[in-house]
């Protein structure tokens, strides 16, 4: 609002308000400065305007940075910030007017603006736009007497540049919430309990008319309102209204019946068409069935011929199968008899092998217990016999090469001395002996009859007592060895136990030291971060961008925000904690929660994260829709203002000094139409 408009508004409101008092109040220094500024609006303010402009630019940059830091739901639009600035300017103008003209009527006007009944009546007048006020008030020829309260209301409404005390954005949000609740209630209701959109609109219009009539009766108590109420109580009027509604219902029933008739006719036509199609399908199926019967007769004749041939073949096959089964049974019986003999022989072989293994085990044990000298003599004897046998075998093989086949058969029939098992270790010695004989090419004349046959050596132990004595000695040695092994195991266990204890102590000490190091590192980092943050704050505050009052306000807001976070995270506490203490407790609580997060199952954690993500996206969508609605409404409002704006150029005299206040009696003689027009403009533009 321009200074000229503010000056005119102040003069218009000051006239009737100051006329109530005869004596002028004392003028203070502040009031004198305000009057001087309002008398000469073209006078520049004191101070350097360039410094003021730079200061405003800095404030604008800081505000832009603050808006970027804020969250989406905390940000404000450009239109909202402009409206807030305009509201602050109007508030300062009212305070200046009250300081210039401190009268009792200004208090009455401010009290009237804060009256909820006055606000409600203003909102109702805006919604109905005095559509029904004309016919209801036109019945009376005499004007009602104007009370003191009505005179104050009209005086306050003469200024179209004033905004109401209520916030239209809060009212709009409240209406949106009520609309959502009504939509949810309609969804819960049953089908026969729901109402249509037209019914809800008519109910709202009826409620608005009722409230408007009540407000008009309170403001303009005339005989026309009584006449309208008596007209509604008239039985004839009620009967006519009921008949009109019945006619409407009969027309609605007629339309529904016509619709039902059309639907039934349509369903009959559809069914007739379906019957015709089914009849055609039935004839086609009958023809196909007859053709299938002929094919079936042919197939049955062919199948009978096939059965006769199959019977002949089956009889021949049965005879051959009986002959083969007899032969098979004989073979199976013979196989069973032979397999029984084989199983008996195999069982005897297995038993003898087990006995042989047991005896060989005992023999080997006794041989190992015999003295080493005796064992060496037996090994030398066996080696000598093996060498002799190998030499004889080689000589016979050489002699058999040039001999005739008959001679060869005679040599084969000759009895040979027993040869040792090739799997025994003596085979190596035999091969070495054979190789040496080949290399030397010496033939030793040996008489086969004089060669002694090698037999297994007899046992060294002739008396059982010898074996028992030897076993006792071995048992004593084993006991001593077992005792020594136990002692060594005990010493090893003690050593391992002491070693484990020392390792545990060392691990604990290292863990404690690492924890202390981590704590110190975190504390150092936290102190560094805090110092950097405090340094940044001190630079910002000391740079001159914030005043002392702004700093206090910011710190108080920060303290309130920290207290709110503390109550939501930690809970209420009886002690009065400082902001730093609350932040410390919040950090501790956050650490506990982060530790507990690891104990929560992953599936449950993922479900909670998905739910929070869905909630966040839904909230963002709602905020985006609200912002779009607000922008659309703002655009519509601006377009409407541009369309209804008066494009006439200002005409008339220039601004003159203040004239004498008008006489109070002229307010009664003013036309009510002008007052109603001003009131309508006030409600249309500023509510």
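In this note's numbering, the protein residues as written are 216 to 902. Even for Gly, the Cβ is constructed at its ideal location relative to N, Cα and C.
Exercise for the section: Note the first and the last residue of the continuous alpha helix (DSSP H) segment covering residue 818. Expected result: 817 to 859
Practice task
Determine the direct distance from the alpha carbon of residue 779 to that of residue 793, and round the result to whole angstroms.
Solution key: 13 Å
Handout entry: the region 397 to 412 touching the region 855 to 868, judged by at least three CB pairs closer than 8 Å
Key = no
Handout entry: Three CB pairs or more closer than 8 Å across the region 579 to 587 and the region 675 to 688
Key = yes
Handout entry: Cβ contact check for the region 765 to 784 and the region 794 to 813: 3 or more pairs under 8 Å
Key = yes
Exercise for the section: With DSSP collapsed to three states, give me the class of residue 595. Expected result: helix
Handout entry: CB-CB length for residue 294 against residue 849, believed under 8 Å
Key = 5 Å
Handout entry: Three-state secondary structure (DSSP) of residue 700
Key = helix
Handout entry: Distance between residue 530 and residue 539 (C-alpha atoms, nearest Å)
Key = 14 Å
Handout entry: Span separating the alpha-carbon of residue 697 from that of residue 593
Key = 34 Å
Exercise for the section: Could you tell me which of 281, 292, 276 and 278 sits nearest to residue 842, measuring between CA atoms? Expected result: 292
Practice task
Drop a sphere of 10 angstroms on the beta-carbon of residue 722, count the other beta-carbons inside from all chains shown, and report buried for 16 or more, exposed for fewer.
Solution key: exposed
Handout entry: Supposed close pair residue 288, residue 838 - CB separation, criterion 8 Å
Key = 6 Å
Handout entry: Distance, residue 297 Cα to residue 279 Cα
Key = 14 Å
Exercise for the section: Determine, using beta carbons only, whether residue 784 and residue 804 come nearer to each other than 7 Å. Expected result: yes
Handout entry: Endpoints, the alpha helix (DSSP H) within which residue 786 is located
Key = Segment: none, residue 786 is in no alpha helix (DSSP H) and carries neither H nor E.
Problem - Rounded separation between residue 735 and residue 840 - CA only - result: 50 Å
Exercise for the section: Using three-state DSSP, classify residue 482 as helix, strand or coil. Expected result: helix
Practice task
Would you kindly work out how many angstroms separate the C-alpha atoms of residue 411 and residue 418, rounded to a whole number?
Solution key: 11 Å
Problem - Buried or exposed by the 16-neighbour rule on C-beta atoms within 10 Å, applied to residue 606 - result: buried
Problem - Presumed contact (8 Å Cβ cut-off) between residue 282 and residue 290, rounded CB distance - result: 6 Å
Exercise for the section: Work out the CA separation of residue 483 and residue 489 for me, nearest whole Å. Expected result: 10 Å
Handout entry: Span of the alpha helix (DSSP H), counted from its first residue to its last, around residue 797
Key = 794 to 812
Practice task
Give the DSSP-derived three-state secondary structure of residue 710 in the structure shown.
Solution key: helix
Practice task
Look at the alpha carbon of residue 515 and the alpha carbon of residue 502, and state the distance between them as a whole number of angstroms.
Solution key: 20 Å
Practice task
Reducing DSSP to helix, strand and coil, say where residue 867 ends up.
Solution key: coil
Exercise for the section: May I ask you to report which of helix, strand or coil DSSP gives residue 753? Expected result: helix
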